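When the letters of the sequence shown are read in order and numbered with the numbering used here, they come out as residues 532 to 670. Working notes, beginning with the structure itself.
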Amino acid sequence: MSTHATHAAHAGHTHDDHHHDDHHGDVGPHSSFSGYMIGFVLSIVLTAIPFWLVMNDVISNRNTAVIVLGAFAIVQIVVHMIFFLHMNGKVEGGWTMLSTIFTIVFVAIAIAGTLWVMFHMNTNMMPAHEMHQHIQRAQ
Numbered sequence: 532m533s534t535h536a537t538h539a540a541h542a543g544h545t546h547d548d549h550h551h552d553d554h555h556g557d558v559g560p561h562s563s564f565s566g567y568m569i570g571f572v573l574s575i576v577l578t579a580i581p582f583w584l585v586m587n588d589v590i591s592n593r594n595t596a597v598i599v600l601g602a603f604a605i606v607q608i609v610v611h612m613i614f615f616l617h618m619n620g621k622v623e624g625g626w627t628m629l630s631t632i633f634t635i636v637f638v639a640i641a642i643a644g645t646l647w648v649m650f651h652m653n654t655n656m657m658p659a660h661e662m663h664q665h666i667q668r669a670q
């Protein structure tokens with residue numbers, strides 16, 4: 532193509548007509564102000580309730596408190612993923628959700644494996660454990 536043909540092909544376009552801000556391939560949802568406000572209010576509520584539960588010593592059993600606070604944390608993570616990260620099964624053909632599920636499974640396996648190893652190391656390798664066994668056998 533000659534330089535004249537190249538200039539003629541681009542003659543109708545100026546330097547400012549590149550449309551850098553056009554989002555033709557952007558299929559992700561864009562939230563409105565009300566969507567962000569709903570997420571913000573839910574985040575505040577999901578932070579204030581556990582804070583109140585802990586500060587007023589409402590739940591006396593430690594295990595129950597950990598489970599309740601963990602449930603509030605999980606719900607808050609889901610709220611952030613939906614309202615602020617705009618994650619759902621439709622964005623990018625579901626690949627974002629699939630990668631998130633993979634990450635959650637991977638982290639859960641890593642945490643469970645770490646806790647399992649630490650528990651068994653604590654149970655089976657402590658010197659006090661061996662001493663206790665020798666004392667029981669001697670009696």
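Ideal placement from N, C-alpha and C gives every residue a C-beta, glycine not left out. Computed from a predicted model, the values in this text were never measured in an experiment.
| Query | Result |
| --- | --- |
| Just to confirm, are residue 506 and residue 611 a CB contact at a threshold of 9 Å? | The structure shown does not extend to residue 506, since the chain is modelled only from 532 to 670, so the question has no answer here. |
| For residue 629, count neighbouring C-beta atoms within 10 Å of its own C-beta (all shown protein chains included) and say buried if the count is 16 or more, exposed if not. | exposed |
| Would you call residue 650 buried or exposed, if buried means 16 or more other Cβ atoms sit within 10 Å of its Cβ? | exposed |
| Are there 16 or more other CB atoms within 10 angstroms of the CB of residue 577, so buried, or fewer, so exposed? | buried |
| Quick one: what does DSSP say residue 589 is sitting in, helix, strand or coil? | coil |
| Ends of the alpha helix (DSSP H) at residue 630? | 626-656 |
| With a threshold of 16 other CB atoms inside 10 Å of the CB of residue 564, please say whether the residue is buried or exposed. | exposed |
| So for residue 618, helix, strand or coil by DSSP? | coil |
| Residue 609 and residue 581: beta carbons closer than 9 Å? | no |
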